[in-house]
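Q: Sequential numbering from 1 applies to the sequence shown in the UniProt record's numbering.
Beta carbons are placed, not taken as given, at the ideal position from N, Cα and C, and that holds for glycine.
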Amino acid sequence: MNFLRNIVNGIKTTFLTDSSIPKSRYVILNKLHSARFSKVYHCRLRESGKEVCVKIYQVREKEPNNEGLEMQILNEISILRRVNHPCILGCLNVYLTSHRAVMEMEYMNGGDLFDYLVKNGIQNERVVRQIAIRLMSAVKYLHSVNITHRDIKLENMLLERFNDISSVKLSDFGLSVETEKETLMTDQVGTSYYMAPELYRRLPYGNKIDCWSCGVVIYSLLYGTFPFAGEDQELVSNILRGKVRFPNDIKISDDCKDFILGLLTVKASSRLSSQQAIEHPFIDGNEILGSTLIEHGNLCNCHSESLLSQLTTTTTNDSSQDQNSTSYE
């Protein structure tokens with residue numbers, strides 16, 4: 001906890017000394033997602049015309065568990081400010097007030113990998129290998145800087161361009177965590193079909209839970225189903241048993257099977273690490289994307305403004321209609 005608290009305090013200090021938010025920075029084009037504490041918009045920057053994705057967290061003073069939510073938000077921001085990789089969704093700007101956080105990110109126009117799979121059906125091994133290279137490149141990078149994603153799934157892999165699966169990037173760091181090297185985690189988080197056995201056994205775990213999730217993603221792309229089926233306790237039992245079946249009607253190479261089995265190994269100590277996965281013959285480490293060395297300094301601009309109501313926008317499909325302003329409330 002002291003490690004995380006130091007990160008949070010450092011972020012707050014930076015925000016409180018940075019410049020204010022420009023008035024009317026965005027034009028809202030579409031609302032992409034809405035949840036209890038957050039909204040996500042597709043926006044256009046007024047000044048440059050660039051399209052961006054804007055995620056807004058709203059934290060009310062009287063909200064139950066306010067402090068816990070604030071810690072989660074600040075933890076996500078601290079991670080987004082650090083990561084810089086071609087296979088990870090980039091964060092461009094962050095704005096913070098006492099009750100709201102605004103994250104300006106790359107806009108991915110192609111939707112997520114789950115919707116792509118539903119629309120286009122199962123993928124051949126050649127295509128899946130290209131996705132695996134991008135995914136494992138991102139995960140190896142995160143692990144090299146002591147970040148565990150903890151929610152890798154098809155829905156958190158976004159396509160930069162419509163129907164262009166080669167542009168996929170890993171996103172959504174809401175459950176991610178920064179730890180000191182070799183530190184084990186204990187909180188049970190993630191999405192049920194993608195969670196590693198040690199999470200269900202409530203054992204201390206390390207970053208290899210991400211590798212298990214990668215195995216689920218790759219299997220699902222090849223076969224159009226999860227490697228472990230069922231609901232509730234049946235699903236848990238199947239994951240803990242870890243028996244992976246490869247249907248005979250879909251042919252894949254021995255290297256591909258061995259790669260999947262290496263990721264979906266029940267015993268964490270025997271499971272492929274992200275480094276071992278990169279070196280596996282199925283991927284070929286020579287094709288790894290992006291540097292594993294973190295750059296020094298902040299990788300996005302950070303700002304604070306006590307009156308974020310000044311951040312107004314116009315909801316319109318016509319860039320010439322700029323008269324009616326509305327806030328993000």
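Would you report the Cα separation of ILE79 and ASP249, rounded to the nearest angstrom?
A: Counting from one through the sequence shown, the residue named residue 79 turns up at place 79. Counting from one through the sequence shown, the residue named residue 249 turns up at place 249. Looking at the two C-alpha atoms, the distance is approximately 42 angstroms.
Q: When the Cα atoms are used, what is the spatial distance from ILE28 to ASN109?
A: If you number the sequence shown from 1, residue 28 lands on position 28. If you number the sequence shown from 1, residue 109 lands on position 109. Answer to the nearest angstrom: the Cα atoms are 15 angstroms apart.
Q: Could you tell me if ALA35 is buried or exposed, where buried requires 16 or more neighbouring beta carbons within 10 angstroms of its beta carbon?
A: Here residue 35 refers to the residue found at position 35 of the sequence shown. When all chains shown are included, ALA35 counts as exposed.
Q: Looking at C-alpha atoms only, which residue of GLU76, LYS181, GLY224, THR191 is the closest neighbour of ASP151?
A: Position 151 of the sequence shown, counting from 1, holds the residue named residue 151. If we check each option's Cα against that of ASP151, THR191 comes out closest.
Q: Is LYS257 helix, strand or coil by DSSP?
A: For the purposes of this step, residue 257 is taken as residue 257 along the sequence shown, with counting starting at 1. Correct three-state label for LYS257: helix.
Q: Between HIS85 and TYR200, what straight-line distance do the alpha-carbon atoms span, to the nearest angstrom?
A: Position 85 of the sequence shown holds residue 85. Position 200 of the sequence shown holds residue 200. Whole-angstrom Cα-Cα distance: 31 angstroms.
Q: Measuring straight from C-alpha to C-alpha, what distance separates LEU89 and GLY242?
A: Sequence index remark: in the sequence shown, residue 89 carries index 89 (1-based). Sequence index remark: in the sequence shown, residue 242 carries index 242 (1-based). Roughly 31 angstroms between the two C-alpha positions.
Q: What did DSSP end up calling ASN163 once you bin it into helix, strand or coil?
A: Along the sequence shown, one-based indexing puts residue 163 at 163. Here DSSP, grouped into helix, strand and coil, assigns ASN163 to coil.
Q: State the DSSP-derived secondary structure class of GLN58, mapped to helix, strand or coil.
A: Walking along the sequence shown from the start, residue 58 turns up at place 58. Reduced to three states, the DSSP call for GLN58 is strand.
Q: On the CB-based measure, 16 or more other CB atoms within 10 Å of its CB, does ILE260 come out buried or exposed?
A: Here residue 260 refers to the residue found at position 260 when the sequence shown is read from its first residue. Under this definition ILE260 is a buried residue.
Q: For VAL189, which residues does DSSP report across the bridge?
A: On the sequence shown, residue 189 is found 189 positions in, with the first residue counted as 1. Answer is none; VAL189 lacks a bridge partner.
Q: Looking at the strands, I want to know which residues DSSP matches up with LEU170.
A: Sequence index remark: in the sequence shown, residue 170 carries index 170 (1-based). ILE88, MET157, per the DSSP bridge assignment.
Q: State the DSSP-derived secondary structure class of TYR41, mapped to helix, strand or coil.
A: For the purposes of this step, residue 41 is taken as the residue at position 41 of the sequence shown. DSSP places TYR41 in strand when its eight states are reduced to three.
Q: Pick out whichever of GLN58, LEU184, LEU263 has its Cα sitting closest to the Cα of PRO204.
A: Indexing the sequence shown from 1 puts residue 204 at position 204. Closest option to PRO204, Cα to Cα, is LEU184.
Q: Helix, strand or coil for TYR107 per DSSP?
A: Position 107 of the sequence shown, counted from the start, is the residue given in the question as residue 107. Three-state DSSP puts TYR107 in coil, outside helix and strand.
Q: Is it right to say SER304 is buried, meaning 16 or more other beta carbons lie within 10 angstroms of its own, or is it exposed?
A: Indexing the sequence shown from 1 puts residue 304 at position 304. Residue confidence for SER304 is low, a pLDDT of 48 falling below 50, so the modelled location carries little weight; the figure read from the coordinates is stated next. Answer is buried; the Cβ neighbour count reaches 16.
Q: Which partner residues of THR148 appear in the DSSP bridge assignment?
A: Position 148 of the sequence shown holds residue 148. DSSP output for THR148 lists VAL177 as bridge partner(s).
Q: DSSP has SER137 in a bridge; who is on the other side?
A: Residue 137 sits at position 137 when you count from the first residue of the sequence shown. Answer is none; SER137 lacks a bridge partner.
Q: In this structure, how does DSSP classify VAL266 when only helix, strand and coil are distinguished?
A: Taking the sequence shown and counting its residues from 1, one reaches residue 266 at position 266. Looking at VAL266 - three-state DSSP - the assignment turns out to be coil, as it is neither helix nor strand.
Q: Do MET105 and CYS91 have their beta-carbon atoms positioned less than 8 angstroms apart in this structure?
A: Counting from one through the sequence shown, the residue named residue 91 turns up at place 91. Counting from one through the sequence shown, the residue named residue 105 turns up at place 105. Yes.
Q: Look up HIS143 in the DSSP assignment and say whether it is helix, strand or coil.
A: Taking the first residue of the sequence shown as 1, we reach residue 143 at position 143. Helix at HIS143.
Q: Between the alpha carbons of GLU76 and VAL236, how many angstroms are there, rounded?
A: On the sequence shown, residue 76 is found 76 positions in, with the first residue counted as 1. On the sequence shown, residue 236 is found 236 positions in, with the first residue counted as 1. Their backbone Cα atoms lie some 28 angstroms apart in a straight line.
Q: Following the continuous alpha helix (DSSP H) through LYS208, name the residue where it begins and the one where it ends.
A: Within the sequence shown, the letter at position 208 stands for residue 208. Looking at the DSSP string, the run of the alpha helix (DSSP H) that includes LYS208 is 208–223.
Q: Specify, as a first and last residue, the run of the alpha helix (DSSP H) that ASN124 falls within.
A: Taking the first residue of the sequence shown as 1, we reach residue 124 at position 124. ASN124 -> no alpha helix (DSSP H), and no H or E assigned at all.
Q: Just tell me which of ARG161, LYS208, LEU240, GLU182 has its CA closest to the CA of TYR193.
A: In the sequence shown, counting from the first residue as 1, residue 193 sits at position 193. Ranking the options by Cα distance to TYR193, first place goes to LEU240.
Q: So, with DSSP's three-state summary, where would you put LEU32?
A: Position 32 of the sequence shown, counted from the first residue, corresponds to residue 32. LEU32 falls in the strand class under three-state DSSP.
Q: In the structure shown, what three-state DSSP assignment does VAL244 receive?
A: Residue 244 sits at position 244 when you count from the first residue of the sequence shown. Of the three classes helix, strand and coil, the one that applies to VAL244 here is coil, per DSSP.
Q: Give me, in chain order, the residues of the same chain whose beta-carbon lies closer than 7 angstroms to that of ASN163; leave out the 5 immediate sequence neighbours on both sides.
A: Counting from 1 along the sequence shown, the entry for residue 163 is found at position 163. Answer for ASN163: GLY110, listed in chain order.
Q: When DSSP builds the beta bridges, which residues end up paired with LYS205?
A: Along the sequence shown, read from residue 1 onward, the residue named residue 205 stands at position 205. The sequence given here has Tyr at residue 205, not Lys. DSSP lists MET185 as partners of TYR205.
Q: Taking only beta-carbon atoms, is GLU160 less than 8 angstroms away from chain C?
A: Among the chains of the structure shown, chain C does not appear; only one protein chain is present.
Q: Less than 8 angstroms between C-beta atoms, sequence neighbours within five positions excluded: which residues of the same chain meet that for ASP210?
A: Reading the sequence shown from its first residue, position 210 is the one you call residue 210. Cβ contact annotation for ASP210 (same chain, cutoff 8 angstroms, sequence separation greater than five): VAL139, LEU142, HIS143, THR148, HIS149, ARG150, ILE152, SER274, in chain order.
Q: Whole angstroms is fine: what's the gap from ARG44's alpha carbon to VAL52's?
A: Residue mapping note: residue 44 aligns to position 44 of the sequence shown, counting from 1. Residue mapping note: residue 52 aligns to position 52 of the sequence shown, counting from 1. Rounded to the nearest angstrom, the two C-alpha atoms are 6 angstroms apart.
Q: Between CYS256 and LEU170, how many whole angstroms is the CB-CB distance? I'm expecting something under 8 angstroms.
A: Residue 256 sits at position 256 when you count from the first residue of the sequence shown. Residue 170 sits at position 170 when you count from the first residue of the sequence shown. Actually they are not in contact, since the Cβ atoms of CYS256 and LEU170 sit about 21 angstroms apart, beyond 8 angstroms.
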